[in-house]
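The structure appears right after this line, and notes come after that.
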Amino acid sequence: MPENDANNEGLLARWKALPVDSVPKTVFVATALCLFCSMVVSAAAVSLRPIQEVNKLKDKQMNILQVAGLYEDGINIREAFSAFEPKVVDLTTGTFTDQFDAASFDDRAAVSDPDLSRALTEDPAGLGRQSNYSVVYLLNDAAGELDKVILPISGYGLWSTLYGFIALEEDGNSIFGLQFYDHAETPGLGAEVDNPRWKAMWSGKTLRDESGELKISVAKGVPSPNMETHHIDALAGATLTSTGVDNLVRFWMGEEGFAPFLDNLKAGGL
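Note that our numbering has the sequence shown beginning at 37, numbered continuously upward.
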């Protein structure tokens with residue numbers, strides 16, 4: 037018998053002779069189990085990714101339908117969402133661009149691309165970077181005239197970045213609704229941004245006064261008469277989240293956000 041074969045058989049015999057609970061066998065079994073589990077988890081993650089992406093898109097579409105007042109339990113979300121026309125807006129010019137496919141462009145991912153985003157020097161919303169482009173959603177009425185425009189908004193609260201949508205009427209100034217779909221604010225406090233009663237306060241408010249000055253505000257206390265149509269009550273016990281919402285809404289409705297686009301929309305220049 038060759039010497040190598042004899043050595044191998046000797047090693048195998050000594051391995052078999054080891055007690056089941058010996059350190060070498062315990063380490064071997066644990067390592068093999070970890071490798072097997074990691075392969076199972078990796079395979080599951082890869083196989084489930086398409087389903088996760090579909091669910092992510094469905095959730096986004098549902099939130100857009102909700103903020104536009106079109107969502108009802110049991111509706112076909114994909115079919116209902118087809119009423120919207122997504123468009124990519126160049127935020128620097130406030131005009132539409134056909135440089136990207138609006139159906140697939142991810143403005144959240146674009147923030148991480150230095151070619152598609154910029155660092156903010158003045159950053160009241162706590163974003164760090166801002167995409168140069170954003171997808172907006174236009175909703176027309178039965179006559180084909182613009183009825184609502186849905187704009188994405190985001191900014192830092194107390195513990196997290198809040199992501200949501202604001203729905204404006206065709207004048208680009210009157211608010212129809214506001215809704216956040218992703219955040220990690222404190223349950224019962226900052227997370228009350230999801231409370232239907234608080235969200236209902238936004239309906240009918242206006243962004244700007246008659247002179248065009250941005251006036252929308254989330255604040256404590258009773259507003260002065262000239263601020264009533266622009267005032268949203270701050271959340272009780274959630275001052276920093278309320279301030280964050282105030283900052284992010286004012287940022288995105290301001291000159292660094294959608295103001296140039298809304299000006300063009302109002303002037304009919306799109």
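Here a beta-carbon is modelled for each residue, glycine too, at the ideal position from N, C-alpha and C.
Cα-Cα separation, residue i to residue j
i      : j      : result
Val90  : Ala295 : 32 angstroms
Phe297 : Leu225 : 34 angstroms
Leu250 : Val125 : 21 angstroms
Gly248 : Trp288 : 15 angstroms
Arg244 : Gly290 : 10 angstroms
Lys235 : Ser153 : 30 angstroms
Leu175 : Asp230 : 24 angstroms
Lys241 : Gly280 : 19 angstroms
Asp177 : Pro223 : 38 angstroms
Asp109 : Leu93  : 17 angstroms
Glu228 : Gln215 : 11 angstroms
Ala146 : Asn262 : 39 angstroms
Nearest-angstrom Cβ-Cβ length linking residue i and residue j, presumed shorter than 8 angstroms
i      : j      : result
Ala217 : Gly200 : Per the sequence shown, the amino acid found at residue 217 is Tyr instead of Ala. Sure, about 6 angstroms apart at Cβ, within 8 angstroms.
Leu187 : Ile202 : 5 angstroms
Leu101 : Ile113 : 7 angstroms
Leu204 : Val185 : 5 angstroms
Within 7 angstroms, strictly: CB atoms of residue i and residue j
i      : j      : result
Val254 : Ser278 : yes
Leu276 : Ala161 : no
Asn300 : Gly180 : no
Leu182 : Glu206 : yes
Phe132 : Val171 : no
First and last residue of the uninterrupted alpha helix (DSSP H) at residue i
i      : result
Leu243 : Where Leu243 is concerned, there is no enclosing alpha helix (DSSP H), given that its DSSP letter is neither H nor E.
Ser278 : 275–288
Residue i CB to nearest heavy atom of the ligand MN below 6 angstroms
i      : result
Thr133 : Absence of the ligand MN is noted for the structure shown, with no ligands found whatsoever.
First and last residue of the uninterrupted beta strand (DSSP E) at residue i
i      : result
Ile212 : Reading the sequence as shown, one finds Phe at residue 212 and not Ile. Phe212 -> beta strand (DSSP E) spans 211–218.
Asn176 : 169–176
Counting pairs of beta carbons, one from the stretch 106–121 and one from the stretch 150–166, are three or more of them closer than 8 angstroms? no
Could you check whether the stretch 183–193 touches the stretch 145–162, counting it as contact only if at least three pairs of C-beta atoms, one from each stretch, sit closer than 8 angstroms? yes
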